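Peer 1:
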Amino acid sequence: MKKDIPVKKVEDIAIAIVPRDGQLDGELWSVYLLNFKKETIKNVLINSRGYGKIDEEEKKTTTLRYFFEEIGPERAVLVEPIQAKLFDITNEYILSFQFEDYMFDKKYVFVKGSIDPMNFTNIPFINIAGVMIK
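Quick note on numbering: my numbering labels position 6 of the sequence shown as 449, and the sequence is numbered without any gaps.
#1: Does DSSP put Asn-478 in a helix, in a strand, or in coil?
#2: How long is the line joining the alpha carbons of Ser-557 and Tyr-545, rounded to whole angstroms?
#3: Looking at Ile-514 and Asn-478, is the spacing between their C-beta atoms short of 8 Å?
#4: Near Ile-569, which residues of its chain fall below 6 Å by C-beta distance, leaving aside the five closest residues on each side in sequence?
#5: I'd like to check one pair, Leu-529 with Val-564: are the Cβ atoms closer than 8 Å?
#6: Tell me where the beta strand (DSSP E) around Leu-521 begins and ends.
#7: Using DSSP with H/G/I as helix, E/B as strand and the rest coil, what is Asn-562?
#8: Select from Tyr-475, Gly-465, Val-461 and Asp-455 the residue whose C-alpha is nearest the C-alpha of Lys-481.
#9: Where Ser-539 and Ile-566 are concerned, what is the direct C-alpha to C-alpha distance, given to the nearest angstrom?
#10: Counting only the same chain and skipping the five closest in sequence on each side, list residues whose C-beta sits under 8 Å from that of Glu-500.
#11: In whole angstroms, what is the alpha-carbon distance linking Lys-446 and Glu-470?
As structure tokens, this is what we get:
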């Protein structure tokens with residue numbers, strides 16, 4: 444049953460977190476989904492949540508859900524704003540989308556401390572420095 448379902452690897456899709464207006468000390472940053480494919484992806488669902496400890500106290504954010512009917516080829520779309528104070532916990536994005544009549548799933552996890560200028564790279568399509576997981 445489960446073994447009969449093909450498992451395909453997600454390729455050419457990334458999540459990036461970048462400072463708004465290039466302000467590293469800004470309170471709000473932006474989360475983007477990047478489609479590196481040369482084709483459109485459809486029925487894109489993203490669940491986001493944060494969890495971890497701050498000052499020995501367990502913290503958890505609300506789970507937020509975002510839906511995009513289509514994301515065109517070689518494009519970046521803004522998913523959500525994120526507060527910089529949440530970089531002290533783990534931030535998780537679960538992505539599901541349809542491509543070539545198959546439903547893909549992947550989890551992107553930005554662990555505590557990973558959103559740091561020493562981990563920055565140039566983010567394609569938006570040309571801003573930030574942290575990207577592909």
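Ideal Cβ placement from N, Cα and C applies to all residues, glycine included.
Quick caveat, the model's predicted, so the values are computed rather than measured.
Peer 2: Concretely, from the data shown:
#1: As a working note, residue 478 is residue 35 in the sequence shown. Strand at Asn-478.
#2: In the sequence shown, the residue the question calls residue 557 occupies position 114. In the sequence shown, the residue the question calls residue 545 occupies position 102. The C-alpha of Ser-557 lies about 31 Å from the C-alpha of Tyr-545.
#3: The sequence position of residue 478 within the sequence shown is 35, counting from 1. The sequence position of residue 514 within the sequence shown is 71, counting from 1. The answer is yes: Cβ separation under 8 Å.
#4: Position 126 of the sequence shown, counted from the start, is the residue given in the question as residue 569. Result list for Ile-569: Ala-519, in chain order.
#5: Taking the sequence shown and counting its residues from 1, the one referred to as residue 564 is at position 121. Taking the sequence shown and counting its residues from 1, the one referred to as residue 529 is at position 86. Rather than Val, the amino acid found at residue 564 in this sequence is Thr. No, Cβ-Cβ distance for Thr-564 and Leu-529 is not below 8 Å.
#6: By one-based count along the sequence shown, residue 521 stands at place 78. Element bounds for Leu-521: 518-526.
#7: Position 119 of the sequence shown holds residue 562. Of the three classes helix, strand and coil, the one that applies to Asn-562 here is helix, per DSSP.
#8: Your numbering for residue 481 matches position 38 in the sequence shown. The residue from Tyr-475, Gly-465, Val-461 and Asp-455 with its alpha-carbon nearest to that of Lys-481 is Asp-455.
#9: Numbered from its first residue, the sequence shown carries residue 539 at position 96. Numbered from its first residue, the sequence shown carries residue 566 at position 123. As the crow flies, the alpha-carbon of Ser-539 is around 21 Å from that of Ile-566.
#10: Position 57 of the sequence shown holds residue 500. No residues qualify anywhere along the chain.
#11: For this step, residue 446 is matched to residue 3 along the sequence shown. For this step, residue 470 is matched to residue 27 along the sequence shown. Rounded to whole angstroms, the gap between the alpha carbons of Lys-446 and Glu-470 is 46 Å.
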